[in-house]
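Participant:
Numbering (my numbering), first residue to last: 51 to 235.
1. Distance, Cα to Cα, residue 217 vs residue 161?
2. Assuming contact is defined by CB atoms lying nearer than 9 Å, are residue 94 and residue 75 in contact in what I supplied?
3. Using only alpha-carbon positions, find the residue among 170, 181, 213, 131 that is nearest to residue 227.
4. For the beta strand (DSSP E) holding residue 144, just list the boundary residues, first then last.
5. Rounded to a whole number of angstroms, what is the C-alpha to C-alpha distance between residue 202 and residue 186?
6. What is the residue span of the beta strand (DSSP E) that residue 178 lies within?
7. Use the C-beta contact count for residue 105: other C-beta atoms within 10 angstroms, 16 or more gives buried, fewer gives exposed.
8. Residue 108 lies in the alpha helix (DSSP H); which residues open and close that run?
9. With residue 143 and residue 174 assumed to form a contact (beta carbons below 8 Å), what rounded beta-carbon distance in angstroms separates them?
10. In angstroms with no decimal places, state the Cα-to-Cα distance between residue 172 and residue 83.
11. Can you tell me where the alpha helix (DSSP H) with residue 18 in it begins and where it stops?
12. Roughly how many angstroms separate the alpha carbons of residue 114 and residue 131, rounded to a whole number?
13. Do you know whose CA, among 89, 99, 116, 199, lies nearest residue 108's CA?
14. Buried or exposed: where does residue 178 fall if 16 or more other Cβ atoms within 10 Å of its Cβ makes it buried?
15. Is it buried or exposed, residue 159, if we count other Cβ atoms within 10 angstroms and call 16 or more buried?
16. Is it right to say residue 147 is buried, meaning 16 or more other beta carbons lie within 10 angstroms of its own, or is it exposed?
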(Lines of atoms letter the chains of each structure in order from A and count residues from 1; the text may use other names and numbers.)
(Lines give C-alpha, C1' and ligand atoms only; values in the text may rest on other atoms or scores of the structure.)
Protein backbone atom coordinates (compact mmCIF):
# COMPACT_ATOMS: atom_id res chain seq x y z
CA UNK A 1 0.00 0.00 0.00
CA UNK A 2 2.81 2.43 0.89
CA UNK A 3 4.42 1.74 -2.49
CA UNK A 4 1.27 2.90 -4.28
CA UNK A 5 0.30 5.85 -2.06
CA UNK A 6 3.71 7.60 -2.03
CA UNK A 7 4.02 7.86 -5.85
CA UNK A 8 0.43 9.13 -6.07
CA UNK A 9 1.17 11.94 -3.55
CA UNK A 10 4.36 12.81 -5.43
CA UNK A 11 2.43 12.94 -8.74
CA UNK A 12 -0.27 15.16 -7.20
CA UNK A 13 2.35 17.54 -5.75
CA UNK A 14 4.19 17.71 -9.08
CA UNK A 15 0.94 18.27 -11.00
CA UNK A 16 -0.28 21.07 -8.73
CA UNK A 17 3.20 22.56 -8.53
CA UNK A 18 3.29 22.79 -12.32
CA UNK A 19 -0.30 24.04 -12.67
CA UNK A 20 -0.46 26.47 -9.77
CA UNK A 21 3.13 27.01 -8.64
CA UNK A 22 4.32 30.51 -9.38
CA UNK A 23 0.80 31.90 -9.89
CA UNK A 24 -1.82 33.64 -7.83
CA UNK A 25 -5.36 32.37 -7.45
CA UNK A 26 -8.38 34.59 -6.87
CA UNK A 27 -9.35 34.02 -3.25
CA UNK A 28 -12.41 36.31 -3.23
CA UNK A 29 -13.91 39.34 -4.97
CA UNK A 30 -16.24 42.16 -4.02
CA UNK A 31 -17.67 44.11 -6.96
CA UNK A 32 -15.93 43.93 -10.35
CA UNK A 33 -12.27 43.02 -10.87
CA UNK A 34 -10.55 42.19 -14.13
CA UNK A 35 -7.41 40.58 -15.52
CA UNK A 36 -7.15 42.60 -18.72
CA UNK A 37 -10.66 42.34 -20.19
CA UNK A 38 -11.53 39.11 -18.35
CA UNK A 39 -13.95 39.45 -15.43
CA UNK A 40 -12.41 37.58 -12.50
CA UNK A 41 -14.22 35.09 -10.31
CA UNK A 42 -13.21 33.05 -7.26
CA UNK A 43 -10.54 30.39 -7.89
CA UNK A 44 -9.41 31.88 -11.23
CA UNK A 45 -5.72 31.40 -11.91
CA UNK A 46 -3.88 34.67 -12.51
CA UNK A 47 -1.29 34.46 -15.27
CA UNK A 48 1.96 36.42 -15.17
CA UNK A 49 1.73 39.93 -16.67
CA UNK A 50 -1.97 40.01 -15.80
CA UNK A 51 -3.21 43.60 -15.73
CA UNK A 52 -5.35 43.80 -12.57
CA UNK A 53 -8.09 46.45 -12.66
CA UNK A 54 -10.87 47.03 -10.18
CA UNK A 55 -13.90 49.30 -10.34
CA UNK A 56 -15.21 51.70 -7.70
CA UNK A 57 -16.38 49.94 -4.51
CA UNK A 58 -14.62 46.76 -5.67
CA UNK A 59 -11.64 44.76 -4.50
CA UNK A 60 -9.99 41.44 -5.24
CA UNK A 61 -8.02 39.14 -2.95
CA UNK A 62 -5.30 36.98 -4.53
CA UNK A 63 -3.43 34.15 -2.80
CA UNK A 64 -0.18 32.29 -3.57
CA UNK A 65 2.66 30.66 -1.66
CA UNK A 66 1.81 32.22 1.70
CA UNK A 67 1.09 35.69 0.26
CA UNK A 68 -2.32 37.37 0.28
CA UNK A 69 -2.75 40.46 -1.88
CA UNK A 70 -5.81 42.67 -1.42
CA UNK A 71 -6.25 45.16 -4.27
CA UNK A 72 -8.66 47.97 -3.40
CA UNK A 73 -11.02 49.98 -5.54
CA UNK A 74 -9.89 51.67 -8.77
CA UNK A 75 -6.61 49.76 -8.81
CA UNK A 76 -4.38 49.38 -11.80
CA UNK A 77 -1.57 46.89 -11.31
CA UNK A 78 0.38 44.08 -12.94
CA UNK A 79 1.26 40.66 -11.53
CA UNK A 80 4.88 40.28 -12.69
CA UNK A 81 5.47 37.16 -10.56
CA UNK A 82 4.59 35.64 -7.21
CA UNK A 83 7.20 37.91 -5.62
CA UNK A 84 6.93 40.90 -7.98
CA UNK A 85 3.91 43.24 -8.23
CA UNK A 86 3.57 46.54 -10.12
CA UNK A 87 1.10 49.05 -8.64
CA UNK A 88 0.19 51.91 -11.00
CA UNK A 89 -2.72 53.36 -9.00
CA UNK A 90 -4.86 52.54 -6.01
CA UNK A 91 -4.32 50.66 -2.78
CA UNK A 92 -2.73 47.29 -2.05
CA UNK A 93 -2.66 45.47 1.27
CA UNK A 94 -0.10 42.68 1.50
CA UNK A 95 0.03 39.89 4.06
CA UNK A 96 3.08 37.94 3.09
CA UNK A 97 4.82 34.84 4.28
CA UNK A 98 7.46 35.11 1.57
CA UNK A 99 9.48 38.18 0.49
CA UNK A 100 7.72 40.37 -2.05
CA UNK A 101 8.59 43.43 -4.12
CA UNK A 102 6.00 46.10 -4.99
CA UNK A 103 7.08 48.48 -7.74
CA UNK A 104 5.44 51.86 -8.29
CA UNK A 105 6.36 54.72 -10.64
CA UNK A 106 7.83 56.60 -7.65
CA UNK A 107 9.54 53.86 -5.68
CA UNK A 108 10.08 50.22 -4.80
CA UNK A 109 8.94 48.53 -1.62
CA UNK A 110 10.72 45.34 -0.58
CA UNK A 111 8.59 43.51 1.95
CA UNK A 112 9.77 40.84 4.34
CA UNK A 113 7.22 38.66 6.12
CA UNK A 114 4.51 40.86 7.58
CA UNK A 115 1.47 43.01 6.88
CA UNK A 116 1.68 46.23 4.84
CA UNK A 117 -0.55 48.80 3.19
CA UNK A 118 0.62 50.67 0.08
CA UNK A 119 -1.27 53.46 -1.63
CA UNK A 120 -0.39 55.10 -4.92
CA UNK A 121 -2.33 58.32 -5.28
CA UNK A 122 -2.37 59.64 -8.83
CA UNK A 123 -4.06 62.94 -7.89
CA UNK A 124 -1.10 64.14 -5.79
CA UNK A 125 1.36 61.71 -7.46
CA UNK A 126 2.55 60.11 -4.23
CA UNK A 127 3.23 56.70 -2.72
CA UNK A 128 2.49 55.88 0.92
CA UNK A 129 3.63 52.79 2.82
CA UNK A 130 2.36 51.69 6.23
CA UNK A 131 3.90 48.73 8.04
CA UNK A 132 1.77 46.84 10.58
CA UNK A 133 4.20 43.96 11.16
CA UNK A 134 7.48 43.00 9.53
CA UNK A 135 9.91 45.42 7.93
CA UNK A 136 9.83 47.13 4.54
CA UNK A 137 12.66 48.75 2.61
CA UNK A 138 11.22 51.69 0.70
CA UNK A 139 13.45 53.07 -2.09
CA UNK A 140 12.71 56.14 -4.18
CA UNK A 141 13.00 55.84 -7.94
CA UNK A 142 13.15 59.64 -8.13
CA UNK A 143 16.35 60.17 -6.11
CA UNK A 144 19.28 57.76 -6.12
CA UNK A 145 20.28 56.32 -2.70
CA UNK A 146 17.07 57.61 -1.10
CA UNK A 147 15.63 54.78 1.00
CA UNK A 148 14.33 54.00 4.47
CA UNK A 149 13.52 50.88 6.47
CA UNK A 150 9.96 51.11 7.70
CA UNK A 151 9.41 49.28 10.98
CA UNK A 152 6.01 48.19 12.36
CA UNK A 153 3.67 51.02 13.28
CA UNK A 154 5.29 53.56 10.92
CA UNK A 155 4.12 55.42 7.82
CA UNK A 156 6.27 56.92 5.08
CA UNK A 157 5.94 58.26 1.57
CA UNK A 158 7.42 60.06 -1.39
CA UNK A 159 6.00 62.52 -3.93
CA UNK A 160 3.02 64.84 -3.48
CA UNK A 161 2.70 65.93 0.17
CA UNK A 162 5.93 64.10 1.04
CA UNK A 163 8.18 65.88 -1.47
CA UNK A 164 10.74 64.47 -3.89
CA UNK A 165 12.77 62.79 -1.13
CA UNK A 166 11.43 60.14 1.24
CA UNK A 167 10.63 62.13 4.34
CA UNK A 168 10.86 61.31 8.01
CA UNK A 169 8.69 58.39 9.01
CA UNK A 170 5.62 59.04 11.11
CA UNK A 171 5.11 56.80 14.13
CA UNK A 172 1.44 55.87 14.26
CA UNK A 173 -0.35 55.84 17.59
CA UNK A 174 -2.74 52.99 18.48
CA UNK A 175 -5.85 54.85 17.24
CA UNK A 176 -4.24 55.68 13.89
CA UNK A 177 -3.07 52.09 13.52
CA UNK A 178 -6.62 50.81 14.18
CA UNK A 179 -8.01 53.03 11.41
CA UNK A 180 -5.46 51.84 8.84
CA UNK A 181 -5.67 48.17 9.89
CA UNK A 182 -9.31 47.82 8.83
CA UNK A 183 -8.56 48.93 5.26
CA UNK A 184 -8.78 45.92 2.91
CA UNK A 185 -8.73 43.52 5.84
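Think of the CB as a built atom: it goes at the ideal place given N, C-alpha and C, for glycine as much as any other residue. Owing to the predicted nature of the structure, the values given are computational and were not obtained by experimental measurement.
Facilitator: So, from the listed chains and residues:
1. Separation of residue 217 and residue 161 (C-alpha to C-alpha, rounded to the nearest whole angstrom) is 19 Å.
2. Taking 9 Å as the Cβ cut-off, residue 94 and residue 75 qualify as a contacting pair.
3. Minimum Cα-Cα distance from residue 227 among the listed residues 170, 181, 213, 131 corresponds to 181.
4. Judged by DSSP secondary structure, residue 144 falls within the beta strand (DSSP E) whose first and last residues are 134-146.
5. One C-alpha to the other measures close to 9 Å.
6. It spans 176-183 - the beta strand (DSSP E) in which residue 178 sits, taken as one unbroken run.
7. Classification for residue 105: exposed.
8. If you look at residue 108, you'll find it isn't in any alpha helix (DSSP H); DSSP assigns it neither H nor E.
9. That belief does not hold up - the Cβ atoms of residue 143 and residue 174 are roughly 20 Å apart, past 8 Å.
10. Cα to Cα, the separation comes out at about 19 Å.
11. Only positions 51 to 235 of the chain appear in this structure, which leaves residue 18 out of reach.
12. Distance between residue 114 and residue 131, taken at the CA atoms: about 10 Å.
13. Residue 89 holds the alpha-carbon nearest to the alpha-carbon of residue 108 among 89, 99, 116, 199.
14. Classification for residue 178: buried.
15. Its Cβ being crowded by 16 or more others within 10 Å, residue 159 is buried.
16. Taking a 10 Å sphere around the C-beta of residue 147, we find fewer than 16 other C-beta atoms and assign the residue as exposed.
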